[in-house]
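Colleague: Quick note on my numbering: the sequence shown kicks off at 1 and runs consecutively.
C-beta: ideal position from N, C-alpha, C; glycine also.
Predicted, not measured: the structure shown is a model, and the values here were computed from it.
Take a look at the following structure, please.
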Amino acid sequence: MKVYGIVNCNTVKAARAWLDKRKLGYEFVDDKSAIALMREKPTVIKRPVVESGETLLSGFDEAEYAKKL
C-alpha cells in the first residue's frame, strides 16, 4: 500500500495514525513534485491519497478505510 501526502498535513496524519493503529503496512511517499503542485493549487488535491492494490482512496474517511483496506 502507498500513501501519498505531505507529512505535516492533519488529514494525512489522521490517515497514517488510523493505518498504524491497525498495523496495516504502507509506504509513505512525500513526493516533492506533488508537494509543489499541492502548494500551488492546494484545493485541487484531496489528501492523503492511499493506493492499495486496485483500491485508490483520497482524503480520510474512517468508515471508507475500514470497508476498503
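#1: Whole angstroms is fine: what's the gap from Val50's alpha carbon to Leu57's?
#2: For Thr11, which beta-bridge partners are listed by DSSP?
#3: Using DSSP with H/G/I as helix, E/B as strand and the rest coil, what is Glu27?
#4: Would you kindly report the start and end of the unbroken alpha helix (DSSP H) that includes Lys68?
#5: Enumerate in chain order the residues of its own chain whose CB-to-CB distance from Asp31 is below 8 Å, with the five nearest sequence positions on each side excluded.
Modeller: On the basis of the supplied data:
#1: The count along the sequence shown starts at 1 and reaches residue 50 at position 50. The count along the sequence shown starts at 1 and reaches residue 57 at position 57. Near 5 Å, if we compare the C-alpha coordinates of Leu57 and Val50.
#2: Looking up residue 11 in the sequence shown gives position 11. Paired residue(s): none; Thr11 is not in a bridge.
#3: Counted from its first residue, the sequence shown places residue 27 at position 27. It is a strand residue.
#4: Reading the sequence shown from its first residue, position 68 is the one you call residue 68. Lys68 -> alpha helix (DSSP H) spans Glu62 to Lys68.
#5: Position 31 of the sequence shown holds residue 31. Excluding sequence neighbours, Asp31 sits near Tyr4.
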